[in-house]
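Everything on this sheet refers to the single structure shown next.
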Amino acid sequence: MNVPLVLTHFLDRAVALYGDKAAVFCEGRSFSYRQLEGRVNQLSRGLKSLGVEKGDRIAYLASNTVEMLEGFYGLFQLSAIMVPLNIRLKPEDYLFILNHSESKVLFVDQDLYDLILPIKESLQTVEHIIVHYKEDATDEIGYDEWLAYFSPETFKRAELDENDVCSLLYTSGTTGDPKGVILTHRNNYIHALSSMHHLRVTDEDVYLHVLPMFHVNGWGAPFYYTANGATHICLKKATPEAIFREIKEQGVSVIHMAPTVLNSLLQYYDEHKPVIEQKVRIVLAGSAPPHAFVKKIEQELGWEFIQVYGMTESSPLSLISRILPQFKDLSEDEKSRLKAKAGYQMIGAEVKVVDEFGAEVAHDGRSTGEIIVRSHGVMKGYWKNERATLEAIQNGWLHTGDVGTIEDKGYFEITDRKKDIIISGGENISSIEVEGVLYDHPAILEAAVIAIPHEKWGESPHAYIVLRENEQVTEQEIIEFSRSKLAHFKSIKSVTFTDKLPKTASGKIRKIHLRNEHIESIKV
1 MNVPLVLTHF LDRAVALYGD KAAVFCEGRS FSYRQLEGRV NQLSRGLKSL
51 GVEKGDRIAY LASNTVEMLE GFYGLFQLSA IMVPLNIRLK PEDYLFILNH
101 SESKVLFVDQ DLYDLILPIK ESLQTVEHII VHYKEDATDE IGYDEWLAYF
151 SPETFKRAEL DENDVCSLLY TSGTTGDPKG VILTHRNNYI HALSSMHHLR
201 VTDEDVYLHV LPMFHVNGWG APFYYTANGA THICLKKATP EAIFREIKEQ
251 GVSVIHMAPT VLNSLLQYYD EHKPVIEQKV RIVLAGSAPP HAFVKKIEQE
301 LGWEFIQVYG MTESSPLSLI SRILPQFKDL SEDEKSRLKA KAGYQMIGAE
351 VKVVDEFGAE VAHDGRSTGE IIVRSHGVMK GYWKNERATL EAIQNGWLHT
401 GDVGTIEDKG YFEITDRKKD IIISGGENIS SIEVEGVLYD HPAILEAAVI
451 AIPHEKWGES PHAYIVLREN EQVTEQEIIE FSRSKLAHFK SIKSVTFTDK
501 LPKTASGKIR KIHLRNEHIE SIKV
């Protein structure tokens, strides 16, 4: 028997087993899984009334809300394609994505509508704009009033196949126009099965949406937490205060986030010492966190730290870093070191480190190469961009552009992005390694290291530093600190102090912005 792996199965299961259980809390509202299904059916009928058919692209510019969550399933019942939009882009970015994706309908939160207004007349394919939390002043369709026109009864779905496209996810576009990553139901379904296993998701979980749902479908969280009948807590504004409040009041058991968000939580904890009685799993992806972060989470807060690795093009997760049974007797320092790595292969993913000729490097934790991935989650390709697809997927493997190592224990470590490696006097320097040292300085809150031109060495490491409140330190002191911890050729040669670092919506530091800023400062 061949049963298509389609994402609508996940909500069906939740309704069948957990119909009266709280499915989602959002902005003071609560919905059971049966009520969520009713809203999803209303949405599907509403979209059908607008002429939405199989394969049509529907865009969402929305924060973490019940409207965003139900959007996935409402679209999928029509076999339409979700196009989530990063809420931190500029109007011209939305213009490109909406026109390039040929989106037919746009859903937008009221507080984000001003980002669409300047480009509204230039949209080529968008036929309808529907506003969540609509205010009277907005000259568009209001979501709640519109939804109320349609029945919550069972909706007759379009014929679905596991190879149908369900997600069109645009990358950040740091080196040109954003690229649309095409993911299918099968991609997301098998990724969900693997992720829920490794993250130990159960029907007792209470998941707090801190990671944006528009970011690679929230790493698939709307799928595997729903499949297990877990409770979703939607948080539009993810401040440290709000996160700790929800953890305490809602009994949150698991959160996904970027390192910069974790850093802000640790700062808040140091200042306020909130008391949380339940165990919480913190799932982190992005640059490797300092070992001190791991220790603090597990030893001071008593929570569990889980590092994962992935990218949009692989649905996204491929690696997870927990302590395997055979390493339980390692010292606590060694365990923290392992947990801060990208991790080992998840079920369904093959991962290798290869040199410039495509040969696998030695598993010695020192030999570096490019991380490549082959998995059920790897994308179908880039939307209307065959050349980029052929560059990314070669001989059946996705080339990530990340540089890393693998050690004999089977743990991978990301040492840098290809474009972020600093080549000084012919030697490769990992910006991530240098940043890890800087985070050990007690006065430093955040650090980002980039390559800048150097007359003698070609390039040298330059640090952008955000200091902790009420701390003072000189450029020379930081330089000397790095020299005391690193080989001298790796140590930073100059520092820029700043109030904040530019970040993506998921919390990753935008080094391309820092490089451009430095170039402009040289011109001046």
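Residue numbers (UniProt numbering): 1 to 524. In this text, a Cβ means the ideal position worked out from N, Cα and C, and glycines have one as well.
Requested in this report: Taking all protein chains shown into account, decide if TYR149 is buried (16 or more other Cβ within 10 angstroms of its Cβ) or exposed.
Outcome: Along the sequence shown, read from residue 1 onward, the residue named residue 149 stands at position 149. Per the 10 Å Cβ criterion, exposed.
Query raised in the report: Are the beta-carbon atoms of ARG281 and GLU304 separated by less than 7 angstroms?
Result: Translated into positions along the sequence shown, residue 281 becomes position 281. Translated into positions along the sequence shown, residue 304 becomes position 304. Closer than 7 angstroms, so yes.
Query - Opposing strand residues paired with GLY343 [DSSP bridges] - result: Position 343 of the sequence shown holds residue 343. The partner list for GLY343 (beta bridge, DSSP) reads PHE412.
Query raised in the report: In or out: SER331 buried (at least 16 other Cβ within 10 Å) or exposed?
Result: Along the sequence shown, read from residue 1 onward, the residue named residue 331 stands at position 331. The residue in question, SER331, is exposed, as its Cβ has fewer than 16 Cβ neighbours within 10 Å.
**Report entry** Own chain, CB closer than 7 angstroms to HIS232, minus 5 neighbours either side, in chain order
**Finding:** Along the sequence shown, one-based indexing puts residue 232 at 232. Same-chain partners within the cutoff: ALA23, VAL24, LEU69, TYR207, HIS209, TYR225.
**Report entry** LEU398 and GLU313 closer than 7 angstroms at C-beta
**Finding:** Looking up residue 398 in the sequence shown gives position 398. Looking up residue 313 in the sequence shown gives position 313. Yes, the Cβ-Cβ distance between LEU398 and GLU313 is below 7 angstroms.
Report task. May I have the straight-line CA-CA distance separating HIS376 from LEU183, to the nearest angstrom? Result -> In the sequence shown, the residue the question calls residue 376 occupies position 376. In the sequence shown, the residue the question calls residue 183 occupies position 183. One C-alpha to the other measures close to 10 angstroms.
Requested in this report: Identify which residue in ASN395, ILE129, HIS215 has its Cα closest to the Cα of ILE87.
Outcome: Walking along the sequence shown from the start, residue 87 turns up at place 87. The residue with the shortest Cα to Cα distance from ILE87 is HIS215.
**Report entry** Close beta carbons around HIS513, own chain, < 7 angstroms, minus the five adjacent residues each side
**Finding:** On the sequence shown, position 513 is the one that residue 513 refers to. Here the set comprises PRO502.
Report task. Would you mind working out which of ALA158, LEU50, PRO222 sits nearest TYR188, comparing C-alpha positions? Result -> As a working note, residue 188 is residue 188 in the sequence shown. It should be noted that the sequence gives Asn, not Tyr, for residue 188. Of ALA158, LEU50, PRO222, the residue nearest in Cα terms is PRO222.
Requested in this report: Report, in whole angstroms, the separation of the C-beta atoms of HIS272 and ALA340, which I expect to be a contact under 8 angstroms.
Outcome: Position 272 of the sequence shown, counted from the first residue, corresponds to residue 272. Position 340 of the sequence shown, counted from the first residue, corresponds to residue 340. So it is not a contact: roughly 25 angstroms between Cβ atoms.
Query raised in the report: Assuming LYS179 and TYR382 make a contact with CB atoms under 8 angstroms, what is their CB distance in whole Å?
Result: Translated into the one-based positions of the sequence shown, residue 179 becomes position 179. Translated into the one-based positions of the sequence shown, residue 382 becomes position 382. The pair is a contact, with the Cβ atoms about 5 angstroms apart (cut-off 8 angstroms).
Query raised in the report: Are at least three pairs of beta-carbons, each pair with one atom in the region 475-489 and one in the region 433-447, less than 8 angstroms apart?
Result: yes
Query raised in the report: Nearest to LYS236 by CA position, among ALA158, MET311, TYR133, is which residue?
Result: As a working mapping, residue 236 is identified with position 236 in the sequence shown. Measuring from the Cα of LYS236, the nearest candidate turns out to be TYR133.
Report task. Would you kindly check if the distance between the Cβ of LEU61 and the Cβ of VAL126 is under 7 angstroms? Result -> Here residue 126 refers to the residue found at position 126 when the sequence shown is read from its first residue. Here residue 61 refers to the residue found at position 61 when the sequence shown is read from its first residue. No, the pair does not count as a contact, with Cβ atoms beyond the cut-off.
Requested in this report: Report the rounded CA-to-CA distance for VAL254 versus ASP205, giving the unit in angstroms.
Outcome: Within the sequence shown, the letter at position 254 stands for residue 254. Within the sequence shown, the letter at position 205 stands for residue 205. Between VAL254 and ASP205, the C-alpha separation is close to 7 angstroms.
Requested in this report: Report yes or no: do the region 35-44 and the region 68-84 share at least 3 C-beta pairs separated by less than 8 angstroms?
Outcome: yes
Requested in this report: Below 8 angstroms CB to CB, which residues in the same chain sit around GLU413 once its five sequence neighbours on both sides are set aside?
Outcome: Position 413 of the sequence shown holds residue 413. Counting only Cβ-Cβ distances below 8 angstroms, and skipping sequence neighbours, we find ALA288, LYS341, ALA342, GLY365, GLY404, THR405, ILE406, GLU407.
Query - CB contact flag (TYR170, ILE97, <7 angstroms) - result: By one-based count along the sequence shown, residue 170 stands at place 170. By one-based count along the sequence shown, residue 97 stands at place 97. Yes; because the gap between Cβ atoms is below 7 angstroms, this pair is in contact.
Report task. Return yes when the C-beta of LEU501 is under 6 angstroms from any heavy atom of the ligand GDP, and no when it is not. Result -> Ligands displayed in this structure: none; no statement on the ligand GDP is therefore possible.
Query raised in the report: At what residue ranges does the region 301-342 contain a whole run of the beta strand (DSSP E), taking only runs of 3 or more?
Result: 304-310, 317-321
**Report entry** ALA487, DSSP secondary structure in three states
**Finding:** In the sequence shown, residue 487 corresponds to position 487, counting from 1. In the structure shown, ALA487 sits in coil (DSSP, three-state: anything other than H, G, I, E or B).
Report task. Give me whichever residues DSSP pairs with LEU89 in a beta bridge. Result -> Position 89 of the sequence shown, counted from the start, is the residue given in the question as residue 89. Looking at the DSSP assignment, LEU89 forms no beta bridge with any residue, so it has no partner.
**Report entry** Of the residues GLN476, TYR33, CYS26, the one placed nearest PHE10, counting alpha carbons only
**Finding:** Residue 10 sits at position 10 when you count from the first residue of the sequence shown. When only C-alpha atoms are compared, the closest one is TYR33.
Query raised in the report: Which word fits GLN124, buried or exposed, when buried means at least 16 other C-beta atoms lie within 10 angstroms of its C-beta?
Result: Mapped onto the sequence shown, residue 124 falls at position 124. The residue is exposed, with fewer than 16 neighbouring Cβ atoms inside 10 Å.
Query raised in the report: Going by Cα to Cα distance, which pick from ILE509, HIS441, LYS90 is closest to ILE478?
Result: Along the sequence shown, read from residue 1 onward, the residue named residue 478 stands at position 478. Nearest option by C-alpha distance: HIS441.
Requested in this report: Assign SER79 to one of two classes, buried (16 or more other C-beta atoms within 10 Å of its C-beta) or exposed (fewer than that).
Outcome: Here residue 79 corresponds to residue number 79 of the sequence shown, with the count starting at 1. Answer is buried; the Cβ neighbour count reaches 16.
Query - Rounded straight-line distance, which links the Cα of GLN326 to that of LEU89 - result: For the purposes of this step, residue 89 is taken as the residue at position 89 of the sequence shown. For the purposes of this step, residue 326 is taken as the residue at position 326 of the sequence shown. Roughly 45 angstroms separates the two Cα atoms.
Query - Delimiting residues of the beta strand (DSSP E) encompassing ASP109 - result: Along the sequence shown, read from residue 1 onward, the residue named residue 109 stands at position 109. First-last of the beta strand (DSSP E) with ASP109: 105-109.
Requested in this report: Could you tell me whether the Cβ atoms of GLU162 and VAL6 are closer together than 7 angstroms?
Outcome: Within the sequence shown, numbered from 1, the residue matching residue 162 stands at position 162. Within the sequence shown, numbered from 1, the residue matching residue 6 stands at position 6. For GLU162 and VAL6, yes; Cβs fall inside 7 angstroms.
Query raised in the report: Which of the three DSSP states, helix, strand or coil, is assigned to ASP402?
Result: On the sequence shown, position 402 is the one that residue 402 refers to. Three-state result, ASP402: strand.
Query raised in the report: Is the beta carbon of ILE129 less than 7 angstroms from the beta carbon of LEU106?
Result: One-based indexing of the sequence shown puts residue 129 at position 129. One-based indexing of the sequence shown puts residue 106 at position 106. Cβ atoms of ILE129 and LEU106: closer than 7 angstroms.
Requested in this report: Return the chain-ordered list of same chain residues with a C-beta closer than 8 angstroms to the C-beta of TRP146, the five sequence neighbours on each side being excluded.
Outcome: Residue numbering aside, residue 146 sits at position 146 when the sequence shown is read from its first letter. These residues qualify, in order along the chain: GLY46, ILE130.
Report task. Return the CA-CA distance between GLU67 and VAL361, expressed in angstroms with no decimal places. Result -> Within the sequence shown, numbered from 1, the residue matching residue 67 stands at position 67. Within the sequence shown, numbered from 1, the residue matching residue 361 stands at position 361. GLU67 and VAL361: Cα-Cα distance of roughly 46 angstroms.
Requested in this report: To the nearest angstrom, report how far apart residue 533 and GLU153 are at their CA atoms.
Outcome: Because the chain is modelled from 1 through 524, residue 533 falls outside the range shown and cannot be assessed.
Query raised in the report: Buried or exposed: GLY220, going by 16 or more other Cβ atoms within 10 Å of its Cβ?
Result: Locating residue 220 in the sequence shown gives position 220, counting from the first residue. Buried, because 16 or more other Cβ atoms sit within 10 Å of the Cβ of GLY220.
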